[in-house]
Each structure stands twice: as structure tokens, then as C-alpha cells.
Amino acid sequence: MKKILITGCLLAVAGNVYAKPDQQAYDDCVLANVSKAEESAAASIMTNACHRLHIDNFMLSDKDQAYFQCLLDYLPDVKKRSLTMQVKQTCDRKHRSLFN
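Residue numbers for the sequence shown follow the numbering used here, beginning at -13 and rising by one.
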């Protein structure tokens, strides 16, 4: 009985923020962004961003959505790993910082 009550509460709370996985949007995201990548780390980070935005998006905060979108906006044209990491850190600082 306790298990059912806990599950029911979690579903009720999560009901407002749950987003359904969208395979078509994920595929479009990969084709639009990852296909342009020349740097392997950038491709991997963008694939993960597409996955988090469109597949594994349960309880994804607005800050996290903005962070992943920032990665997709700025990583496709990066050609060096050091710049990939710089863009990743900048998006993180801009969208996930406790001070924003």
C-alpha cells in the first residue's frame, strides 16, 4: 500500500513537468546539429543534448533546457576540442550557474 501511495504522489507531482519522448524530434535534432560536427567531442555532446531535450526529458528544468539548447546553438561549427570545452563551460556558466 505504501508503494502505491508514493508512486501516485510522484506521478501527480511530475505530471506538470513530464515531457513525452519524441523520437522524430530527436532524429531531426541529430540531423540538424550533429551532422555538421567536425570535432568528435562536440558531436558526442550534441548527441547527448538532443537525447536530453527530446528523449530523456523527464523533469528537465528551464535552465537545463536552455543549457542544452546553448550547446546545440554554438557547438556545430567548432573544430578543436579545446574550443568545444570552452563552449561547454560557457553554456554551463551562463545557464546553470547558481548566481543566474
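Built from N, CA and C at the ideal position, the CB exists for glycine as well. Owing to the predicted nature of the structure, the values given are computational and were not obtained by experimental measurement.
Item	Value
Beta-carbon contacts of tyrosine 12 that lie in its chain and below 7 Å, excluding the five residues immediately before and after	Cys36, His37, His40, Ile41
Backbone secondary structure at glutamine 75 - three-state DSSP	helix
Environment of methionine 143 [buried if 16+ CB atoms lie within 10 Å]	Lying before the first or after the last residue shown, residue 143 is absent from the chain, which here runs from -13 to 86.
Alanine 27 and arginine 79 closer than 7 Å at C-beta	no
Where valine 64 sits in the DSSP three-state scheme	coil
Any alpha helix (DSSP H) of 4 or more consecutive residues that is wholly inside the stretch -4 to 60	9 to 19, 26 to 40, 48 to 60
DSSP-derived helix/strand/coil call for leucine 69	helix
Environment of leucine 57 [buried if 16+ CB atoms lie within 10 Å]	buried
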